[in-house]
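Novice: Sequential numbering from 24 applies to the sequence shown in the working numbering.
Cβ atoms here follow ideal geometry from the backbone N, Cα and C, with glycine treated the same way.
The model shown is predicted, which means the values in this text are computed figures rather than measured ones.
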Amino acid sequence: MKNFKKVIATFLSALMVTGSMVCGASAVSTNQESNVKNKTKQTLIYPNKNDKKKKTYVEGEAVVMMKGSNLISSGASLNKIMDVSSSIKVEKVSDFKERKSSKSVVTVSSKKLSTEKIIEQLKGEDDVLIAEPNYICKASAITDDKYSKYQWALENTGINNGKVGEDIKPSSMWNKKSTGDKTPVVAIIDSGVNFKHEDLKDKMWVNPYQNKLRGVHGFDFTGTVKNSEPMDGDGHGTHCAGIIGATRDNKIGIAGVADNVRIMALKFLDNSGQGTTDDAIAAYNYIYNAQKLGVNVVAVNDSWGSYDYSKILLDVINQVGKEGAITVAASGNESTNLDNAYDFNTINDYDDDYDEEFSNKKYSELDGDPFSYYSYPACYDSNYIVSVGASGEDGKLANYSNYGIEKVDTIAPGTDILSTVSNDCFLPTIYNQEELNERCQQYITKDFNANTSDLSDNKDGIKITETNTGYDDGLGDKTCLKIDFSTTDNNNLYAIEIPYTVTSNGDKGTYGSFMYSFEKAPNGDDSDYFTENGIYFAEFAKDEEYTFKDVMNQEIGYYLNGTGSWSHVEIPKLTPAKVTGERKLVIVVSYEDNYDFSLKLDNFGVSKGTVNESENFGQYDIYSGTSMATPYVAGSIALMKDKDSSLTTEQLIEKVKNSVHQTTLVDGKAKSSGVLSLDKTNSVIPRINSWENKNGKSVVKGVNFDNIQKVTVNDKNVKYTVKNSTEITIEDNNYYGGICTLKVYSKDGYGYYSAVSLKGTRYKNNGIISLEESIFNYDIVSDGKYFYCVDDRNALVRYSIDKDGIIRFSRDGSFQGAMKVHFADITNGSKTKIKTTSPVYYNGNIYIYADYYLNLESNEDDFYVKKSAIITYNVSTCKNTIQTVEGIDLAEQAIAVYNKSLYLIGGYDYSTGEFSDAVYKKVGSSWQKVTSLPEKRARGKALQYGNKLIYSLGINESGTCPKTLIFDGKTWTESKINLGISKFATYYIGNKSYNFYDCGYDLVGNGILFTGRLFNNIGDTVVYNPTKDTLTALNNYFHTDSVNGIKGTIVGNKFYGKGFEGNASCTFSFNVKTGMKKVAVSSNVNGGKVTGGAYYMPNTTAKITVSPNKNFKFNYMLINGKKYTKPTATFTVTKDTSVRVYYISMVTKIKLNRTTLTLKKGKTKQLTATITPKTATNKSVVWSSNKKSVATVNSKGKITAKKKGTAIIKATAKDGSKVSATCKVTVK
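(1) If contacts are defined as beta-carbon pairs under 8 Å, then THR653 and VAL351 qualify, I think. What distance do you get, rounded to the angstrom?
(2) Consult DSSP for VAL1248 and reduce its assignment to one of helix, strand or coil.
(3) Within 10 angstroms of its Cβ, does LEU1155 collect 16 or more other Cβ (buried), or is it exposed?
(4) Please state if the CB of GLY418 and the CB of LEU688 are separated by a distance shorter than 9 Å.
(5) Please give the ranges of any beta strand (DSSP E) in the segment 650 to 724, keeping only runs that are unbroken, at least 3 residues long and fully inside the region.
(6) Between the segment 1119 to 1128 and the segment 1143 to 1159, are three or more C-beta pairs nearer than 8 Å?
(7) When burial is assigned at 16 or more other CB atoms within 10 Å of the CB, is GLY604 buried or exposed?
(8) Helix, strand or coil for GLN314 per DSSP?
(9) Is it right to say LEU316 is buried, meaning 16 or more other beta carbons lie within 10 angstroms of its own, or is it exposed?
(10) Determine contact between the segment 408 to 415 and the segment 450 to 462, defined as no fewer than three beta-carbon pairs at a distance below 8 Å.
(11) According to DSSP, simplified to helix, strand and coil, what is GLY260?
(12) Do GLY1116 and ILE1127 have their CB atoms nearer than 9 Å?
(13) Quick check on this structure: which residue in ASN273, GLY1028, PHE728 and PRO595 has the alpha carbon closest to the alpha carbon of VAL707?
(14) Which two residues bound the contiguous beta strand (DSSP E) that contains ASP729?
(15) Look at PRO207 and VAL280 and say whether their C-beta atoms are less than 9 Å apart.
(16) Please list, in chain order, all residues of the same chain as GLY1030 whose beta carbon is under 7 Å from its beta carbon, the five residues on each side excluded.
(17) Taking only the alpha-carbon atoms, compute the straight-line gap between TYR170 and ILE275 and give it to the nearest angstrom.
(18) Rounded to a whole number of angstroms, what is the C-alpha to C-alpha distance between THR1034 and LYS1077?
(19) Anyone know if the C-beta pair for LEU337 and ILE506 falls short of 9 Å?
(20) Alpha carbon to alpha carbon, what distance is there between GLY930 and ILE989?
(21) When the Cα atoms are used, what is the spatial distance from SER650 to ASN866?
(22) Run through DSSP, which three-state label would ASP1258 get?
(23) Count the CB pairs spanning the segment 657 to 668 and the segment 490 to 504 that are closer than 8 Å, and state whether there are at least three.
(24) Take the Cβ of ALA564 as the centre, count every other Cβ of all protein chains shown within 10 Å, and call the residue buried at 16 or more, exposed below.
(25) In whole angstroms, what is the alpha-carbon distance linking MET227 and TRP714?
(26) So is THR1179 buried or exposed if we call it buried at 16+ other beta carbons inside 10 Å?
(27) Considering PHE571, what are the terminal residues of the alpha helix (DSSP H) in which it resides?
(28) For the alpha helix (DSSP H) containing VAL339, name the first residue and the last one.
(29) Tell me whether the beta-carbon of ILE286 lies closer than 9 Å to the beta-carbon of LEU361.
(30) If you draw a straight line from the C-alpha of ASN341 to the C-alpha of ASN406, how long is it?
(31) Taking just the CA atoms, how far does SER201 sit from GLY344?
(32) Have a look at ILE1231 and VAL1248 and give me their C-alpha separation to the nearest angstrom.
(33) If the criterion is Cβ atoms closer than 9 Å, does the pair THR1097 and ASP1025 meet it?
(34) Give the straight-line distance between the Cα atoms of VAL339 and ILE211, rounded to the nearest whole angstrom.
(35) On the DSSP bridge assignment, give the partners of THR1181 in chain order.
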């Protein structure tokens, strides 16, 4: 099943489930004495602290039992009959007449007095028998809606191993009165809403301005519904609508968050869940027009997202925001830290000739890599957007949810959410016993009798058991089927069969339903090259044989997602029409990677074949995703506005952001560091936007810093100064040294921020670079003058440094011929896939190790033969050579040059599926195996320092950060220093994924420079000294919590790095002494080509060769002042070296002022010679005459005529070039 790219993708998930809740009603006991004349003992029940904390009564109200009846009427002030405050009003009166006495019960309220103060004033009144708070009483569930016990987000009683009390507590708001004369409206921009749904039809907005604004309940912008009514054909929008406003306490279905709300349905996603930006903009325009007509739209629910940034969409969001509508947007379901994400268009605007034939999948899960994208509208910079992440029943951030303390505002329940849908859904999980009897012919919650199918590639690798960790259904049974794949092989198929019996069937066949959950499953992948991770369902007769193709033909499948959440699968026509007897449900799991994961199945139901689903199944289903969390926030905004119509848009935004239950379970996952909780609507919580070191001070910026109680860093109190409500200065600085957690506390909660806080000064950002000049995550080397990297097109690309220190793509024409790493000579035209490891530079050459895969049978896309080669690129000649590697059956090896010899280190053995510890040295034309590594490893990096080879980073079997290894030519030793890198990429070798530790790796004067990661919590720019075995941080840093993907190298004596800060690529630089020695070549004139000028490893041999151009001649060269008279010189490089070449510029032409001359005997004439070129080293000429008896010439070119006749006078260049010119002299 392919994951087709959508223009705008809804944040739907194949995850689904429910929640239940039970709460006992509050009871009140009284103590009366009825026979006491003139004095009655009062029973005054005061609200205690726990009552107040739990809000078990209506604040500002009290219920009073008094002697007598008909004492006072509703609306009157109680001070007419009692000595109490005039602010205490009578809300309701109930008279109870008995045979011997009469009593009345009145409900009183005060806008000025608390419940406790009201009761205190009633204490001295003789007519008061009992005064108590107006307690909130509940049924066994939070509402009387049929399925409310599954709505854990409203009241969490621990369903599905959840945490009791981790819910949004809406009842604290439900018991407040509505204010204002306009019902709040929430616009749902989505797939439409089933406005005929039994739980929604009374909550739909009805357009009162149909003569000015089209549509009754909203509008369909997709043009797929008759009369443009926004009827939902997908279910997603209806699910959101139920969360927001499903009718409460109507004894059917569920309850929505907002009890007094109207839902405006704006359909811009079609029935496949796909839409376009222009339709989204049109929907916002509809809202804007409605607002201008007077519709009270207070929130817009956007449970969808796009990777594409639209300025127009942002503008219209701001327009409706200014008119009072807050956009609530889903953050997305990619498990991405949006603070470290990138803009999709910036990253993916590749050239037209981009070859995506072979996916290396190098950095697919790197925190802050270019494959994690911003989701819009959640990531727009707008004052009118609230972005939402999702939590689960346990109070933790859902593991599918995007997050970020800068990009995500708050978190709300989003996992296993039961709500309304547009179509009927067979969901026996939520049915009571009566409904199960009516709708199901079989419902299996235990004793599944499952077995493995012969379709499985390795039946013995599957372990099937039954556990008590199943899904909580209406019957209270928690048994489930568990299939353990921890001992299976990757890239195979595994099939499980569950038998069932069909006793009745009709013309429509039976429906199937079950819940499933994956734990630690691999994520689905849509790559053509790799096998997809998927789960597929099919149904066959008990003894029927089948193939995987037969399973696929039934077209029911999902990608694997190891979220741990439960998902609901409904299978229409599980059993074909009128078929009965013994059947089997087949579940096939296909996955490509080695993962220890398990699949749980529960609540397998089969409908009666005679059931008409439109009348009996119900329109409710269980979804998971940030799409479900978003409407909880949108509905809460409507609820807040309904209870206090005076709130401005800005106040509503602040209130919903502050209305959270803070918990360390979600620290650092959103600005609020909490989950939506409507009992916290009066909280004012600090929020931190930034934390930076400026001018020696640590400055914190944010909001709500007015009433700070304390500030902590890493849970230790620090001194601070509050500048104003938006800025704090931290005076302490003893917390420097890595990742630090900052909390700013007020009485209501705390603001949270996590950052890398390091000593020293941040490196200067040299500026933003343009798209085509981005290096991204490719490994970079330098020849001392240029950058080089092998990009994803397998092209060797060169970059230069401009005058501002910004890295620029090289436009040097002489390099164009060497841009590509050509494999034509060794592939013979076969289809090829290429993977390279980190290139290395050594003494004028760049060496690249490549694994290339030849498809020797062009019609078989998966048939490739693995080969290896080393490409050597000479930086002086701009030419590359390719040499195949024979006799080593490994891939992913690191290439190194040590003591002039090539080495291949570690690697991966495809035949065994294991890493290798082998080390090979190039000896002559063959490879010789030398001392093995202490551990098996692949894709490391190695550089020579002094007389040692230092090997570090890469991938090992344990998945931990590899140790640094030192080789002295005979023995490998292990450094005692742990680099302590916590961030890593997920790298794929074959069909397996591994933790890949990578960073900048360069030679400096005192060791190896590591850059671009936080190392051992001391800095992000450190030097490892192999001699001392120490790791030392430089006094500068990149600040890797905000700058990501840093790659760079040393050019000259300066490090240049590239990365991303926010959404922009940027460059950094700092001075550092390179560990190589520079051999700099110059000459007196541009008289030839000199090779050998480059950066050299210390104590290695440099060879300078001079090849003069035509018309030039080598004279001599000075190497650090020593004269060499031959055009080739060899010497040992021990320090930076100056080579000065001196050429002789030869004469190319001589021109005389006269080419013919007639003289009389005894006369003289001066000839002059003009030399070309003017820069000729020796411009002297030798004059001669072929007939001295006729005419002579002296050394200065003066001719004397001797006797009658003819002579040739010649001027010959003295520099040996043999260039000459002549003049014909005739003597008369």
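Specialist: According to the data block:
(1) Indeed they touch by this definition, with Cβ atoms about 5 Å apart.
(2) Assignment of VAL1248 by DSSP, reduced to helix, strand and coil, places it in the strand class.
(3) The sequence shown places Thr at residue 1155, rather than the Leu named in the question. The residue in question, THR1155, is exposed, as its Cβ has fewer than 16 Cβ neighbours within 10 Å.
(4) The answer is yes: Cβ separation under 9 Å.
(5) The qualifying runs are 683 to 685, 697 to 699 and 710 to 717.
(6) Enough Cβ pairs lie closer than 8 Å, so yes.
(7) Exposed, by the Cβ-count rule.
(8) Helix at GLN314.
(9) By the neighbour-count rule (16 or more Cβ atoms within 10 Å), LEU316 is not buried but exposed.
(10) No, they do not touch.
(11) Three-state DSSP puts GLY260 in a helix.
(12) It is a contact, given that the beta carbons lie within the stated cut-off.
(13) Here the closest residue by C-alpha is PHE728.
(14) Where ASP729 is concerned, there is no enclosing beta strand (DSSP E), given that its DSSP letter is neither H nor E.
(15) Result no, Cβ atoms of PRO207 and VAL280 do not sit closer than 9 Å.
(16) Once the five neighbours on either side are set aside, the close Cβ partners of GLY1030 are TYR968, VAL1046, TYR1047, ASN1048 and PRO1049.
(17) Taken atom to atom, the span from the alpha-carbon of TYR170 to that of ILE275 is near 7 Å.
(18) When only Cα atoms are considered, THR1034 and LYS1077 end up about 13 Å apart.
(19) No, the pair does not count as a contact, with Cβ atoms beyond the cut-off.
(20) About 17 Å.
(21) Distance between the alpha carbons of SER650 and ASN866: 57 Å.
(22) The requested residue 1258 does not occur in the structure, where the chain is confined to residues 24 to 1251.
(23) Look at the beta carbons and you see the segment 657 to 668 not touching the segment 490 to 504: under three pairs across the two are nearer than 8 Å.
(24) That one is exposed.
(25) Linking MET227 to TRP714 through their CA atoms gives a straight-line distance of about 45 Å.
(26) Residue environment analysis places THR1179 among the exposed positions, since fewer than 16 neighbouring C-beta atoms fall within 10 angstroms of its C-beta.
(27) For PHE571, the enclosing alpha helix (DSSP H) begins and ends at 571 to 576.
(28) Element bounds for VAL339: 334 to 345.
(29) By the CB criterion at 9 Å, ILE286 and LEU361 fall outside the cutoff.
(30) Straight-line Cα distance between these residues: approximately 8 Å.
(31) For GLY344 and SER201, the distance between alpha carbons rounds to 23 Å.
(32) Looking at the two C-alpha atoms, the distance is approximately 6 Å.
(33) Yes, Cβ-Cβ distance for THR1097 and ASP1025 is below 9 Å.
(34) In this structure, the CA atom of VAL339 is about 15 Å from the CA atom of ILE211.
(35) Looking at the DSSP output, THR1181 sits in a beta bridge with THR1249.
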